[in-house]
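What follows is a short report on a single structure.
Chains as they are written, first to last, in the working numbering: chain A, 317 to 699; chain B, 317 to 699.
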């Protein structure tokens, strides 16, 4: 089965491409490589040295004999996207190819506009090329749990049945996204839902939680295959950041009270979730939504776990409660459902001491590469 | 009080600008005039001859002594928008300045992308300029009842209280928009809601129904002030189109079974609703939503009323049930609330025989200008 991974040079995309290739899928990667450019603009580097995509793919082929096709270009360019699909002829498209950082989208107006235009237009282009020439292709689109915000009721998977004034309907779950980036994903979800309805396309929206970890069976096989691991205030995400902070002796940066609770998952589950979605395509005309996370933690929970693991390794770990640069509830109800992927066979890697040890040791290995100036958050949500 | 009407050269915008000017508001119009350009591209003309905006404003000043400031430019150009606001210093912004046709947005990929980028970026720019320099300004944004779609439960005004698994919360009402245009308005609503929350801005989202009628006290005062009246398949809307079709002896174009039910209002109520919103600004940080319509009708209801009114005037009126170019339910539950504006003093002009007579006579007056080639729908929602 041929799978095109859009954004296959990124953190989740690269791990997914190799995993799928290893599972016997015919994999193509489409990527504009713009994320590498954004790193340069922000003067940040991921913890790990990332090799050029061509070298990574070449090494993968050398190790496994598996070929991965590469298409470098931007999906906001419709001609390029259409040509790529006609050349590769995917049966499934995994779409990671978006600007995926909330702080990046909140830097200023230009970044907010760029994030929304880039993400919305890229996804619209995919929908149109599917409509025109690949109506049976299955779109597996990465959304985010952050689309839901923190409602005071249970979060269902995409839809909720509402009884109101004696009548009942099952409607899209109300969204309360918390950044212009998260908003772009909500816009995408609405657009994709509509395209499935009117054109009979099939799509799965994976509302992914915060991903942690770095090694997968595939990316751990060679230094050239190593995955990126972001620690900076713009692209770094909670648990990964804490481990790197612990490794270099920087206090863990908890925003506000730290009661913010979110869904989390190991990157080894990310890649498996994608495969599950691909292997179980949804029917034509259906917009299916899975919540893709395995556990819920508050930020303070995570900081405490990293502190404990760090101390047991002899690290000196402190927790700093910073003024929250974001506008968000710091104590709230949070209970999100995630049974769809489990029902299709996902066997989670739950967060464990051994994972934390491995991640801390990984961070220690590369700690000389950390630029401490990029750890504290610099982007504010406030006026 | 200074009010900037963005999109003040359009159907609702022009009527609103004159009405507010007549009520003693200091009015500025910002418009890119792109709608006139789209008419040329589609080779359609509104039923009425529309004079250049400069002449319209000059005549208004001649008749009333009231000056209306004019700013020609595009709000997707942030510099222009910011300069205009610094020059005019509005206390309220009425934002009609979007691509507002569902069929236009469904012509092809380019039109879908243009509609969403144009509408979303224009509104983002307004939010950013308000955040930067006009945080107390009240944004009165035109949304659409079409954001809601046709759920099987009552439609509330923007929010719904949901009881679920023993807990309760009031959340944004779930949206099921039916075109890439309607989707753009949903995107806007989410973006504005977020900006109010994080920056303390104040905004009122007016989810307007289908507007009918053409004459207001102000636009009827002079031939140069006459409002546009669209009859073509792209920009024309239900009731207005039916009256013009009746006037020229064209069968009324009902799509499908015609059981599609929507909210409607007289353009004389549109202008009054805008004034009510301006005169009752919402508090800082609040995203307020009003459903702006006065009555609900099915398409068949409207066709029957126009047929009856036409026949009593001696016209020969037939109804054609066309294959529906849209993807939408043709028989469905529809019950939408509209008490917020009524509670603030709106006294509706309900649809009446005299309004239909007046609209039919108006259409007859200009009927030689109708190009029959543009009456039938040419844009399809289907793959």
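Even for Gly, the Cβ is constructed at its ideal location relative to N, Cα and C.
All values reported here derive from a predicted model rather than from experimental measurement.
### Query
Given a threshold of 16 other Cβ atoms within 10 Å of its Cβ, counted over all protein chains shown, does residue 462/B qualify as buried or as exposed?
Taking the second chain and counting its residues from 1, the one referred to as residue 462/B is at position 146. With 16 or more Cβ atoms within 10 Å of its Cβ, residue 462/B is classed as buried.
### Task
Verify the CB distance criterion: does residue 318/A have a CB-CB separation below 8 Å to chain B?
Residue 318/A sits at position 2 when you count from the first residue of the first chain. Residue 318/A does not count as touching chain B.
### Query
Within this structure, are the beta carbons of residue 567/B and residue 573/B separated by less than 8 Å?
Within the second chain, numbered from 1, the residue matching residue 567/B stands at position 251. Within the second chain, numbered from 1, the residue matching residue 573/B stands at position 257. No, the Cβ-Cβ distance between residue 567/B and residue 573/B is not below 8 Å.
### Query
Roughly how many whole angstroms lie between the Cα atoms of residue 521/A and residue 457/A?
The residue given as residue 521/A occupies position 205 in the first chain. The residue given as residue 457/A occupies position 141 in the first chain. So the alpha carbons of these two residues sit roughly 5 Å apart.
### Message
So the candidates are 483/A, 491/A, 485/A; which of them puts its Cα closest to the Cα of residue 485/B?
### Response
As a first step, residue 485/B must be located in the second chain, where it is residue number 169. Here the closest residue by C-alpha is 491/A.
### Message
Let me make sure I understand the geometry here. Which of 412/B, 371/B, 602/B has the alpha-carbon closest to that of residue 347/B?
### Response
Taking the second chain and counting its residues from 1, the one referred to as residue 347/B is at position 31. Among 412/B, 371/B, 602/B, the Cα nearest to that of residue 347/B is on 412/B.
### Query
Cα separation between residue 469/B and residue 504/A?
Within the second chain, the letter at position 153 stands for residue 469/B. Within the first chain, the letter at position 188 stands for residue 504/A. Roughly 25 Å separates the two Cα atoms.
### Task
Name, please, each residue of chain A whose Cβ falls closer than 8 Å to the Cβ of residue 483/B.
Along the second chain, read from residue 1 onward, the residue named residue 483/B stands at position 167. By Cβ distance, chain A contributes 468, 469, 470, 649.
### For residue 517/B, the three-state DSSP class (helix, strand or coil)
Within the second chain, the letter at position 201 stands for residue 517/B. Three-state DSSP puts residue 517/B in coil, outside helix and strand.
### Task
Give the DSSP bridge partners of residue 614/A, in chain order.
For this step, residue 614/A is matched to residue 298 along the first chain. 577/A, per the DSSP bridge assignment.
### Task
Could you tell me whether any Cβ in chain A is nearer than 8 Å to the Cβ of residue 698/B?
Along the second chain, read from residue 1 onward, the residue named residue 698/B stands at position 382. It does; some Cβ of chain A falls within 8 Å.
### Task
Examine chain B for any beta-carbon lying closer than 8 Å to the beta-carbon of residue 604/A, and answer yes or no.
As a working note, residue 604/A is residue 288 in the first chain. Not an interface residue.
### Query
How would you list, in chain order, the residues of chain B whose beta-carbon sits under 7 Å from the beta-carbon of residue 643/A?
Numbered from its first residue, the first chain carries residue 643/A at position 327. Ordered by position in chain B, the residues that pass the 7 Å Cβ test against residue 643/A are 513, 514.
### Same chain only: Cβ atoms within 7 Å of residue 657/A, ignoring 5 sequence neighbours per side
In the first chain, residue 657/A corresponds to position 341, counting from 1. Closer than 7 Å at Cβ, skipping near neighbours: 589, 592, 606, 608.
### Task
Between the Cα of residue 464/A and those of 649/A, 575/A, 367/A, 595/A, spot the shortest distance and give me the residue it belongs to.
Numbered from its first residue, the first chain carries residue 464/A at position 148. Residue 649/A is the option with its Cα nearest to residue 464/A.
#### Entry: 8 Å Cβ cutoff met for residue 475/B and residue 488/B
The residue given as residue 475/B occupies position 159 in the second chain. The residue given as residue 488/B occupies position 172 in the second chain. Cβ atoms of residue 475/B and residue 488/B: closer than 8 Å.
### Chain-ordered chain B contacts of residue 519/A [CB-CB under 7 Å]
Here residue 519/A refers to the residue found at position 203 when the first chain is read from its first residue. Residues of chain B passing the Cβ test: none, with the nearest at roughly 14 Å.
### Query
Taking three-plus beta-carbon pairs below 8 Å as touching, is the region 551-565 of chain A in contact with the region 657-677 of chain A?
Judged by Cβ distances under 8 Å, the region 551-565 of chain A makes contact with the region 657-677 of chain A, as three or more pairs qualify.
### Query
In whole angstroms, what is the alpha-carbon distance linking residue 482/A and residue 477/B?
To locate residue 482/A, count along the first chain from 1; it is residue 166. To locate residue 477/B, count along the second chain from 1; it is residue 161. The alpha-carbon of residue 482/A is positioned some 14 Å away from that of residue 477/B.
### Query
Relative to the C-alpha of residue 688/A, which residue among 583/A, 549/A, 372/A is closest?
In the first chain, counting from the first residue as 1, residue 688/A sits at position 372. The option with the nearest alpha carbon to residue 688/A is 549/A.
### Query
What number of angstroms, rounded off, separates the C-alpha of residue 342/A from the C-alpha of residue 471/B?
Start at 1 with the first residue of the first chain, and residue 342/A comes out as number 26. Start at 1 with the first residue of the second chain, and residue 471/B comes out as number 155. Cα to Cα, residue 342/A sits roughly 47 Å from residue 471/B.
### Message
Does the CB of residue 425/A have a neighbour CB from chain B at under 8 Å?
### Response
For the purposes of this step, residue 425/A is taken as the residue at position 109 of the first chain. So, interface residue.
### Task
Might you give, ordered along the chain, the residues of its own chain that have their beta carbon closer than 6 Å to the beta carbon of residue 575/A, omitting 5 neighbours on each side?
Against the first chain, residue 575/A aligns to sequence position 259. Within its own chain, the residues whose Cβ lies closer than 6 Å to the Cβ of residue 575/A, once the five positions on either side in sequence are excluded, are 614, 646, 647, listed in chain order.
### Interface partners of residue 399/A on chain B, CB under 7 Å
One-based indexing of the first chain puts residue 399/A at position 83. Scanning chain B for C-beta atoms nearer than 7 Å to the C-beta of residue 399/A yields nothing, as the closest lies near 15 Å away.
### Query
So which of 627/B, 425/B, 455/B has the shortest CA-CA distance to residue 604/B?
Counted from its first residue, the second chain places residue 604/B at position 288. When each option's Cα is compared against that of residue 604/B, the closest is 455/B.
### Task
Report yes or no: is there a C-beta of chain A within less than 8 Å of the C-beta of residue 428/B?
As a position in the second chain, residue 428/B is number 112, starting the count at 1. By this cut-off, residue 428/B is an interface position.
### Query
Can you tell which of 540/A, 630/A, 667/A, 395/A has its C-alpha closest to the C-alpha of residue 580/A?
On the first chain, residue 580/A is found 264 positions in, with the first residue counted as 1. Nearest C-alpha to residue 580/A: 667/A.
### Message
So for residue 318/B, helix, strand or coil by DSSP?
### Response
On the second chain, position 2 is the one that residue 318/B refers to. It is a strand residue.
### Backbone secondary structure at residue 544/B - three-state DSSP
Locating residue 544/B in the second chain gives position 228, where the first residue counts as 1. In the structure shown, residue 544/B sits in coil (DSSP, three-state: anything other than H, G, I, E or B).
### Query
How long is the line joining the alpha carbons of residue 377/A and residue 541/A, rounded to whole angstroms?
Within the first chain, the letter at position 61 stands for residue 377/A. Within the first chain, the letter at position 225 stands for residue 541/A. Distance from the CA atom of residue 377/A to the CA atom of residue 541/A, rounded to whole angstroms, is 11 Å.
### Message
In this structure, how does DSSP classify residue 683/B when only helix, strand and coil are distinguished?
### Response
As a first step, residue 683/B is located in the second chain; it is residue number 367 there, counting from the start. Residue state, collapsed to three classes: helix.
### Task
Express the C-alpha separation of residue 392/A and residue 382/A in angstroms, rounding to a whole number.
Here residue 382/A refers to the residue found at position 66 when the first chain is read from its first residue. Here residue 392/A refers to the residue found at position 76 when the first chain is read from its first residue. Taking the straight line joining both Cα atoms gives about 29 Å.
### Query
Considering only C-alpha positions, which residue in the set 447/A, 446/A, 699/A is nearest to residue 641/A?
Taking the first chain and counting its residues from 1, the one referred to as residue 641/A is at position 325. The residue with the shortest Cα to Cα distance from residue 641/A is 699/A.
### Query
Taking buried to mean at least 16 other C-beta atoms within 10 Å of its own C-beta, is residue 294/B buried or exposed?
It is not possible to answer for residue 294/B, since the shown part of chain B is limited to 317 through 699.
### Query
Which bits of chain B does residue 365/A rub up against, with CB to CB less than 8 Å?
In the first chain, counting from the first residue as 1, residue 365/A sits at position 49. Under the 8 Å cutoff, chain B gives no residues; its nearest Cβ is about 37 Å from residue 365/A.
### Query
Leaving out the 5 sequence neighbours to the left and right, which residues in its chain are closer than 6 Å to residue 700/A when beta-carbon positions are compared?
Examination of residue 700/A is not possible in this model, given that chain A is present from 317 through 699 alone.
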